[in-house]
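S.K.: In order, the protein sequence lines correspond to chains U and Y.
Numbers in the working numbering are just positions in the first sequence, counted from 1, shifted up by 8.
Numbers in the working numbering are just positions in the second sequence, counted from 1, shifted up by 120.
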Amino acid sequence: MKQLVVLATVLMAAGVPSAAIADPDVSPASRRPSIQIKAEKFRIPEIGSIAIGKNQVPEKRPSFIFFQCPVDADVGNYGCRDTPDDDDDERDLTEGDVLRAAREIGLPRLPVSIQPGERTLVNADTIFSTAPVRFNHSVTLLGFDVDLVATPTSYTWHHGDGTSRSTSKPGRPYPAFDVTHRYRRAADVVRPSVDVTYQVRYRVDGGAWTTISQTITAPGPAAELEVREAVPVLTKP
Amino acid sequence: MRFGGIALAAVLMLGACSGDPTPKEPTGTASKPTPTSTATPPAMPDQAKEDSKEGAAAFVSHWVEASNYAAETGDVEQLSSLSSSGCGGCKTYIDLYRTTYDAGGYFRGGAWRTSDVEVADAGESFIVRVTVSWAASKFKEHADDSEHIEGAGSDKLTFEVRDQRVIQLVLRSAE
């Protein structure tokens with residue numbers, strides 16, 4: 009009998025919402041959850057499917073791991089962010105994977121062409137140019153067929169005298185003067201080279217092309233050039 | 121929408137007054153009432169049927185839409201079917217909408233919008249935390265009530281979802 013009384017008391021305590029303090033300005037018909045369901049208590053779900061080991065003491069309050077679910081209003085699609093240490097085999101291809109693959113294949117390193125040739129003169133225009141190469145590759149990454157295309161977007165010319173300059177064009181040989189440099193002093197040998205910066209585009213399984221925002225720079229091999237000083241010499245006829 | 125109805129009625133009246141002796145039957149397309157956004161209960165998106173965190177998140181959004189529909193119409197049938205009988209928070213809202221409309225009251229505007237959705241897998245069920253926010257709205261508790269104005273606001277809610285039913289609905293602070 010005593011037990012019954014105790015049970016009844018517990019039931020009353022659990023079932024009867026604590027009397028809400030009446031706010032004279034707020035109608036009880038308001039939809040506001042803080043008015044309507046303020047007395048609702050949360051019952052912690054029992055974790056039925058998670059086995060507890062023999063020696064483990066079941067936790068009083070299981071902790072749940074919440075994942076944020078961004079909402080795309082148009083697609084109605086939720087992507088609840090998953091655990092970072094997911095199985096590698098099942099993870100999606102990332103831009104990082106494609107960039108790494110492009111680096112491993114190796115983007116073309118371009119030799120620099122110099123005019124007038126192996127020798128040039130101080131304070132005269134020396135012409136630099138290079139010949140861009142097409143880069144199309146198909147590789148398999150994490151089970152996906154990936155097509156890669158790299159396009160040069162800028163060229164950085166290292167003149168070999170400590171100066172450098174960037175252009176968006178690969179330069180053209182003489183008689184064009186697209187990319188030129190004037191050496192200020194003579195040198196037995198300078199080693200000019202050109203670094204090519206590529207923009208990489210890729211597509212997965214023949215889908216739409218994606219441009220990777222990060223670029224890859226391929227340093228070109230150095231050429232050798234002698235810079236001479238022109239000295240006027242008077243000769244007797 | 122109501123203006124559309126008035127315009128349509130005006131056109132029909134003009135047609136009747138144009139001197140044509142034979143009363144014109146409105147053609148099928150013209151007589152069809154334009155469905156308003158609240159005329160039919162919101163359809164459940166396929167994603168809401170999935171047994172996954174994403175599915176639970178989509179389901180809670182659907183429940184909120186069903187609740188908005190019930191608040192605007194007093195038709196609680198769909199909301200009831202999406203709520204388990206043991207869900208006290210759900211019952212509170214179902215009863216609120218039903219009794220308000222039965223007494224000649226109403227809710228106008230102030231539909232809930234969900235944001236900041238978070239989902240945890242609880243084994244047999246999913247726990248979904250969500251922020252609901254609403255714009256200012258008007259309501260009457262019953263026919264003789266003066267119209268109340270409810271300001272815009274937001275609350276953080278926690279849902280427990282199992283087999284396409286809400287089994288718990290509480291304020292986040294009660295979790």
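We put the beta carbon where it would ideally sit given N, CA and C, even for glycine.
1) If you scan the region 121-163 of chain U from start to end, which runs of the beta strand (DSSP E) of 3 or more residues do you find wholly inside it?
2) Are three or more beta carbon pairs between the region 221-239 of chain U and the region 175-183 of chain U nearer than 8 angstroms?
3) Count the C-beta pairs between the region 184-192 of chain U and the region 147-161 of chain U that are closer than 8 angstroms, then say yes if the count reaches three, no if not.
4) Let me confirm a value: Asn188 of chain Y is counted as buried when at least 16 other C-beta atoms fall within 10 Å, else exposed. Which label applies?
5) DSSP state of Pro41 of chain U, grouped into three classes?
6) Closest by CA to Ser221 of chain U, which one among U:Lys49, U:Arg211, U:Arg127 and U:Gln207?
7) Nearest by alpha-carbon distance to His182 of chain Y: which of Y:Lys169, Y:Ala294 and Y:Ala240 is it?
8) Does the beta carbon of Ser201 of chain U come closer than 8 angstroms to any beta carbon on chain Y?
9) Can you give me the C-alpha to C-alpha distance between Arg292 of chain Y and Phe74 of chain U, rounded to a whole angstrom?
10) Output needed for Val196 of chain Y: all residues of its chain with C-beta closer than 6 angstroms, excluding positions within five of it in sequence on either side, in chain order.
11) Does the region 220-238 of chain Y come close enough to the region 254-270 of chain Y that 3 or more CB-CB pairs lie under 8 angstroms?
12) Going by other Cβ atoms of all chains shown within 10 Å of its Cβ, with 16 needed for buried, is Val252 of chain Y buried or exposed?
13) Going along chain U, which residues have a C-beta under 7 angstroms from Leu202 of chain Y?
14) From U:Lys46, U:Thr102, U:Thr138 and U:Val241, pick the residue whose C-alpha is nearest to that of Arg211 of chain U; which is it?
15) Does the distance from the C-beta atom of Glu270 of chain Y to that of Pro53 of chain U stay below 8 angstroms?
16) From Asp166 of chain Y to Gly87 of chain U, what does the alpha carbon distance come to, in whole angstroms?
17) Whole angstroms is fine: what's the gap from Ala47 of chain U's alpha carbon to Ser172 of chain Y's?
18) Show which residues of chain U have a CB atom less than 9 angstroms away from the CB atom of Val252 of chain Y.
19) Give the range of the beta strand (DSSP E) segment to which Lys258 of chain Y is assigned.
20) With a threshold of 8 angstroms between beta-carbons, can Glu192 of chain Y be considered close to chain U, or not?
21) Does His182 of chain Y have its Cβ less than 8 angstroms from a Cβ in chain U?
22) Use the C-beta contact count for Asp264 of chain Y: other C-beta atoms within 10 angstroms, 16 or more gives buried, fewer gives exposed.
M.R.: Taking the structure as given:
1) 121-123, 127-129, 133-137 and 143-149
2) no
3) no
4) buried
5) helix
6) U:Gln207
7) Y:Lys169
8) no
9) 13 angstroms
10) Ala190, Ile214, Tyr217 and Arg218
11) yes
12) buried
13) Chain U residues near Leu202 of chain Y: none, gap ~16 angstroms exceeds 7 angstroms.
14) U:Thr102
15) no
16) 15 angstroms
17) 29 angstroms
18) Pro41
19) Ser257 to Lys260
20) no
21) no
22) exposed
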